[in-house]
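In numbering that gives the first Met the number 0, the protein residues as written are 0 to 458.
Comments concern the structure below.
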Amino acid sequence: MKSPSRNIVWFRRDLRIGDHPALCAAMESADEIVPVFILNTKQIANAGEKLLAYMGQSLRALDKSLGNRLHVVDGDAVEVLQELIALYDAKEVHISAEYERFGAQRDARVEAAGIKLVRTGSPYAVAPGRVLKPSDATPYKVYTPFYKGWCAHGWRAPAKTPKEIKAPQPSEKYRAFPDFPTPAGTTIAEAGEAAALKRFKEFTNKGLDSYDENRNFAAIDGTSKMSTYLKFGEIHPRTLLQGLGESKAHDTFRKEIAWREFYADVLFNNPNTDTEYYAPRFADMRYDKPGAQFIAWCEGKTGYPFVDAAMRQLVVEGWMHNRTRMVVASFLVKDLHLEWQLGERFFAKHLVDYDVASNAHGWQWTAGTGTDASPYYRVFNPIEQGRRFDENGDYIRKYIPELAHLSAAEIHEPWLFLDGYSHGYPERIVDHAVERIESLERLKEIKAEKPEQPPRRSS
Ligand SMILES: Cc1cc2nc3c(=O)[nH]c(=O)nc-3n(C[C@H](O)[C@H](O)[C@H](O)COP(=O)(O)OP(=O)(O)OC[C@H]3O[C@@H](n4cnc5c(N)ncnc54)[C@H](O)[C@@H]3O)c2cc1C
Numbered sequence: 000m001k002s003p004s005r006n007i008v009w010f011r012r013d014l015r016i017g018d019h020p021a022l023c024a025a026m027e028s029a030d031e032i033v034p035v036f037i038l039n040t041k042q043i044a045n046a047g048e049k050l051l052a053y054m055g056q057s058l059r060a061l062d063k064s065l066g067n068r069l070h071v072v073d074g075d076a077v078e079v080l081q082e083l084i085a086l087y088d089a090k091e092v093h094i095s096a097e098y099e100r101f102g103a104q105r106d107a108r109v110e111a112a113g114i115k116l117v118r119t120g121s122p123y124a125v126a127p128g129r130v131l132k133p134s135d136a137t138p139y140k141v142y143t144p145f146y147k148g149w150c151a152h153g154w155r156a157p158a159k160t161p162k163e164i165k166a167p168q169p170s171e172k173y174r175a176f177p178d179f180p181t182p183a184g185t186t187i188a189e190a191g192e193a194a195a196l197k198r199f200k201e202f203t204n205k206g207l208d209s210y211d212e213n214r215n216f217a218a219i220d221g222t223s224k225m226s227t228y229l230k231f232g233e234i235h236p237r238t239l240l241q242g243l244g245e246s247k248a249h250d251t252f253r254k255e256i257a258w259r260e261f262y263a264d265v266l267f268n269n270p271n272t273d274t275e276y277y278a279p280r281f282a283d284m285r286y287d288k289p290g291a292q293f294i295a296w297c298e299g300k301t302g303y304p305f306v307d308a309a310m311r312q313l314v315v316e317g318w319m320h321n322r323t324r325m326v327v328a329s330f331l332v333k334d335l336h337l338e339w340q341l342g343e344r345f346f347a348k349h350l351v352d353y354d355v356a357s358n359a360h361g362w363q364w365t366a367g368t369g370t371d372a373s374p375y376y377r378v379f380n381p382i383e384q385g386r387r388f389d390e391n392g393d394y395i396r397k398y399i400p401e402l403a404h405l406s407a408a409e410i411h412e413p414w415l416f417l418d419g420y421s422h423g424y425p426e427r428i429v430d431h432a433v434e435r436i437e438s439l440e441r442l443k444e445i446k447a448e449k450p451e452q453p454p455r456r457s458s
């Protein structure tokens with residue numbers, strides 16, 4: 000009997016079977032597919048514990064969707080692929096295209112070793128690099144016109160979910176599922192495509208229509224929580240975009256998805272901005288060296304309740320509300336006068352949804368050193384932000400037991416009340432009003448020295 004023709008599907012940031020163009024393309028041109036996930040030691044060495052624990056669970060979920068046929072191999076991508084191509088006499092290796100530096104370089108190395116990769120689709124509705132200014136075909140540097148260009152470009156409808164996936168049974172050697180434990184004292188969301196679809200359905204039914212009103216309130220479950228699923232590709236952004244209408248709430252949600260795409264595009268066009276200042280003049284600013292105050296920020300012990308609640312949420316859940324991501328980032332840069340990269344690295348270590356582009360540019364946006372119209376002199380007031388976006392103090396109470404005894408009127412400024420510190424909550428490490436002025440002074444220094452420069456362009 001003739002043996003079946005086979006294509007490899009190399010899964011990376013696309014741990015799903017629904018709306019997966021590369022999987023569909025591989026299935027169309029072969030009798031069977033060989034689904035593979037390759038563990039990369041370098042990636043593991045740098046990744047956070049919670050993220051790894053989540054990834055381990057996501058791989059199990061993908062394996063289940065594939066009828067327990069997922070080949071999980073620990074090793075070098077080139078060697079593993081060469082071995083599997085020979086073993087299965089595979090014709091092609093199919094992938095979703097990667098655009099960020101690490102993934103793109105890895106794929107280039109695989110191709111340089113003589114393995115042809117067939118790219119179909121990407122982790123984005125519109126692949127980075129595609130949306131260009133009609134006037135001169137250069138990339139956008141500002142979000143709002145990018146958004147318009149992105150909408151005008153449009154995206155395909157979601158790909159069909161395969162009914163049956165034929166794949167060979169892997170031997171024990173190719174079932175090297177990692178056993179990353181969930182760190183003690185932490186809770187991470189349920190992983191996998193089914194969990195992503197379930198959560199999105201729940202959000203669509205209960206949260207989407209009020210998204211524009213509720214998305215900023217830290218204590219409310221008012222956002223989609225899709226970031227982790229998108230990060231691992233357990234759901235594709237097209238799936239999120241397909242049912243959206245024109246209401247204000249739906250439009251706001253579409254715009255948030257577009258921020259993810261914008262930052263991926265910006266990083267693609269300016270590859271060094273994951274670590275370097277997008278606006279280079281800010282590299283010359285006077286910053287402090289990290290010390291005890293940085294440690295207090297990391298541990299959620301700055302003495303500012305809204306900041307500390309958020310930092311504790313990050314460490315325990317591996318996720319933080321967008322509003323508080325901005326507040327803690329502003330606090331690190333403008334109140335503690337530390338460079339944004341320090342906070343970016345701490346987030347990378349703890350976020351389960353850690354995404355190189357959204358994280359670096361979320362930091363740079365808040366620091367005022369990035370692409371858009373959030374100027375450096377915009378300094379978030381951690382007390383006012385708490386009052387506005389956690390009015391009753393429920394978010395603070397949830398993560399800071401030392402403040403749970405305080406009322407809504409007291410909880411944002413425990414230093415004003417007799418029993419504010421009675422349960423061991425730390426005193427403020429800095430005075431926000433003073434540091435705000437200091438931060439603006441430092442801005443003046445670089446403004447005086449250098450005029451505004453255009454953003455650094457990649458080669
Ligand atoms: C300092 C800082 C660091 C950040 N780091 C990350 C990160 O590592 N990974 C990450 O996915 N997001 C990051 N963000 C963006 C944003 O905070 C999260 O995407 C959002 O909080 C995730 O929750 P959600 O899925 O419920 O969002 P929703 O409000 O439901 O938004 C839907 C989706 O839109 C996208 N999105 C929303 N807001 C943003 C934004 N500001 N920038 C980019 N994409 C956005 C996300 O994919 C999100 O899942 C960061 C923001 C800041 C200010």
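Glycine included, every Cβ here is placed at the ideal spot set by N, Cα and C.
- Residue Pro304 holds the alpha-carbon nearest to the alpha-carbon of Pro413 among Pro304, Glu316 and His431.
- Rounded to the nearest angstrom, the gap between the Cα atoms of Tyr146 and Tyr353 is 23 Å.
- Assignment of His93 by DSSP, reduced to helix, strand and coil, places it in the strand class.
- By the neighbour-count criterion, in which a residue is buried when 16 or more other Cβ atoms sit within 10 angstroms of its Cβ, Pro133 is exposed.
- Closest option to Lys230, judged by alpha-carbon separation, among Glu97, Gln292 and Tyr424: Glu97.
- At least one heavy atom of ligand 1 is found less than 7 Å from the C-beta of Asp352.
- With a cut-off of 7 Å, the C-beta of Trp258 is classified as near ligand 1, since at least one heavy atom of the ligand falls inside that distance.
- Across the set Leu131, Pro169, Thr143 and Gln168, the C-alpha of Leu131 shows the shortest separation from the C-alpha of His152.
- Residue environment for Val141: exposed (fewer than 16 other C-beta atoms within 10 angstroms of its C-beta).
- Within the chosen limit of 7 Å, ligand 1 reaches the beta carbon of Thr222 through at least one heavy atom.
- The residue from Thr251, Gln56, Ile395 and Leu116 with its alpha-carbon nearest to that of Gly385 is Ile395.
- In chain order, Glu97 place their CB closer than 6 Å to the CB of Ala103, counting only its own chain and leaving out the 5 sequence neighbours on each side.
- Where His70 is concerned, there is no enclosing alpha helix (DSSP H), although the beta strand (DSSP E) around it starts and stops at His70 to Asp73.
- If you ignore the 5 residues before and after Tyr276, its C-beta comes within less than 6 Å of the C-beta of Ala282 and Thr368, all in its own chain and listed in chain order.
- With at least 16 other beta carbons inside 10 angstroms of its own, Ser121 counts as buried.
- In this chain, the alpha helix (DSSP H) harbouring Leu80 covers Ala76 to Tyr87.
- A Cβ-Cβ contact shorter than 8 Å links Ile234 with Ala195.
- Going by beta carbons, Val71 and Ala136 fall outside the 8 Å limit.
- Membership of Phe10 in any alpha helix (DSSP H) is not indicated; the residue belongs instead to the beta strand (DSSP E) covering Arg5 to Phe10.
- Per the DSSP secondary-structure output, Leu116 pairs in a beta bridge with Val92.
- Secondary structure note for Phe199: its alpha helix (DSSP H) is the uninterrupted segment Glu192 to Lys205.
- Closest option to Asp178, judged by alpha-carbon separation, among Ser57, Gly290 and Asn67: Ser57.
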